[in-house]
Amino acid sequence: MYYEQIKETAAWLQERMPSQPQTAIILGTGLGRLAEEISVTLAIDYKDIPNFPVSTVEGHSGRLIFGKLGDKNILAMQGRFHFYEGYSMQQVTFPVRVMYELGIKTLFVSNAAGGTDPQFSIGDLMIITDHINFFPEHPLHGKNLPVGPRFPDMHETYDHELIALADGIAAEKGIKLQHGVYIGTQGPTFETPAEYRMFRSFGADAVGMSTVPEVIVARHCGIRVFGVSVITDLGGFDAPVEVSHEEVQEAANAAQPVMTKLMRAMIMRSDD
Ligand code: HPA
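Following this note's numbering, the numbering of the sequence shown begins with 616 at its first residue and continues without gaps.
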């Protein structure tokens with residue numbers, strides 16, 4: 616049933632999409648502005664797409680955009696689905712399943728995250744080199760879909776060539792980049808100081824409430840992934856610090872120009 620819905624939605628979009636994109640972007644926190652640089656050829660509200668979940672969180676609009684960035688055809692998700700909103704893992708990752716059916720080969724993702732690495736500062740961009748899945752449910756739990764193996768390999772979840780490309784672009788444009796491990800947790804609470812320390816001891820450099828489910832599903836079906844976190848707050852070392860959604864938004868907004876510059880260059884220069 617789930618797989619049929621994916622196929623049905625993909626077929627519905629295929630009939631309408633103006634060109635064939637091979638690159639997709641999930642415009643998470645910190646990447647909203649990139650949407651303004653896309654020459655949009657078709658934008659469809661999630662609520663008008665058959666079988667699509669509808670996004671509810673403040674600050675996240677929900678549209679699927681087909682268009683061009685430079686001369687590259689892209690598909691962009693403006694707004695994502697978070698597990699903490701009450702969606703099932705199948706709903707959270709439904710759009711990525713559809714992307715695969717549409718022929719997407721490379722996925723770019725961004726998010727806001729709390730830094731657990733004492734070397735980090737608020738506003739830093741962190742290339743995600745690896746992740747830890749700390750969600751209470753696995754997105755591949757249940758019957759295996761015939762688009763990938765039952766037991767997917769995850770040794771290079773974040774594509775090394777794309778990371779090298781990002782490092783090159785950053786050096787060229789004078790962008791400061793951190794590298795690190797992202798741990799995905801369910802939220803919606805921010806971490807207690809003890810939880811920040813625990814995540815640090817696990818080997819995580821940043822913690823957030825998204826991305827990991829979508830990335831696992833993308834890798835399951837062989838889509839290459841590149842991800843960046845904006846570090847919007849710091850925890851786990853020093854004195855406990857209070858965090859609010861507003862502060863996270865503000866820090867992410869401040870980092871937008873650099874994040875946008877990096878991602879635009881990445882998308883335009885990566886091969887399909
Ligand atoms: N924890 C979890 N998610 C987040 C954080 C955090 O500290 N900051 C931004 N998103």
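Note that the Cβ used here is the ideal one computed from N, Cα and C, for glycine as well.
With a threshold of 8 Å on Cβ separation, who are the neighbours of residue i within its own chain once the five nearest residues in sequence on each side are excluded?
| i | result |
| --- | --- |
| N759 | R765 |
| I664 | T624, W627, L628 and L679 |
| G643 | R695, V724, S725, N726, A727, S825 and T826 |
| E862 | T847 and D848 |
| L740 | I790, K791, L792, Q793, V843, S844, V845, I846, A870, V873, M874 and L877 |
| T662 | At residue 662 the sequence reads Lys, which differs from the Thr that was named. Closer than 8 Å at the Cβ level, and outside the excluded window around K662, lie V669 and G677. |
Identify, in the order they occur along the chain, each residue of the same chain with its Cβ nearer than 7 Å to the Cβ of residue i, setting aside the five sequence neighbours on each side.
| i | result |
| --- | --- |
| R568 | Nothing about residue 568 can be reported from this structure: the residues present for the chain run from 616 to 887 only. |
| G645 | S725, A727, V845, A867, A870, Q871 and M874 |
| T731 | Y811, F814, R815, A819, D820, A821, V822, G850 and G851 |
| T744 | Y773, I778, H794, G795 and V796 |
| R631 | L657 |
Between which residues of its own chain and residue i is the CB-CB distance below 6 Å, once the five residues before and five after are set aside?
| i | result |
| --- | --- |
| S816 | none |
| R678 | A658, D660 and Q693 |
| N666 | Q620 and T624 |
| V858 | F805 and D848 |
| P939 | A question about residue 939 goes unanswered here, because the residues of the chain that appear run from 616 up to 887. |
| I641 | M692, R695 and V724 |
| T656 | P633, F681 and G682 |
| S573 | This structure gives no information on residue 573, because the portion of the chain shown stretches from 616 to 887. |
Considering just the uninterrupted stretch of the alpha helix (DSSP H) at residue i, what are its terminal residues?
| i | result |
| --- | --- |
| M874 | H860 to R884 |
| R812 | P808 to F817 |
| G645 | First-last for G645: undefined, no H or E at that position. |
| R712 | M704 to L717 |
| D782 | H775 to K788 |
| I621 | Y617 to R631 |
Measure the alpha-carbon distance for residue i versus residue j and round it to whole angstroms.
| i | j | result |
| --- | --- | --- |
| A626 | V845 | 35 Å |
| P668 | H697 | 11 Å |
| I882 | D774 | 14 Å |
| T772 | G682 | 27 Å |
| Q706 | P803 | 17 Å |
| H746 | V762 | 22 Å |
| Y617 | F749 | 24 Å |
| V843 | T807 | 24 Å |
| D886 | A639 | 13 Å |
| G757 | L690 | 28 Å |
| Y897 | H860 | In the structure as shown, the chain starts at 616 and stops at 887, and residue 897 therefore has no counterpart that could be examined. |
| K622 | A786 | 42 Å |
| K687 | Q635 | 10 Å |
| G647 | A809 | 32 Å |
| E776 | K788 | 18 Å |
For residue i versus residue j, is the C-beta spacing smaller than 9 Å?
| i | j | result |
| --- | --- | --- |
| T798 | A819 | Reading the sequence as shown, one finds Ile at residue 798 and not Thr. Contact flag set, yes. |
| F805 | G701 | no |
| K876 | I790 | yes |
| P767 | H835 | yes |
| A781 | F841 | yes |
| T721 | Q637 | yes |
| R884 | I784 | yes |
| K800 | M824 | For the sequence presented, residue 800 should be read as Thr rather than Lys. Yes. Within cutoff. |
Locate the beta strand (DSSP E) running through residue i, then write down its first and last residues.
| i | result |
| --- | --- |
| L657 | S654 to D660 |
| L690 | K687 to Q693 |
| K683 | R678 to L684 |
| R834 | Note, R834: premise wrong, no beta strand (DSSP E); alpha helix (DSSP H) at V827 to H835. |
| L792 | L792 to G799 |
| L760 | L760 -> no beta strand (DSSP E), and no H or E assigned at all. |
| M741 | L740 to N748 |
| A821 | A821 to G823 |
| I846 | R839 to L849 |
| L722 | T721 to G730 |
Inset, instruction - Could you tell me whether the region 786-799 touches the region 714-721, where touching means 3 or more Cβ pairs closer than 8 Å? - result: No, they do not touch.
Legend entry - Stretch-stretch touch, CB-based, cutoff 8 Å, three pairs: the region 695-711 with the region 820-839: A contact exists between the region 695-711 and the region 820-839.
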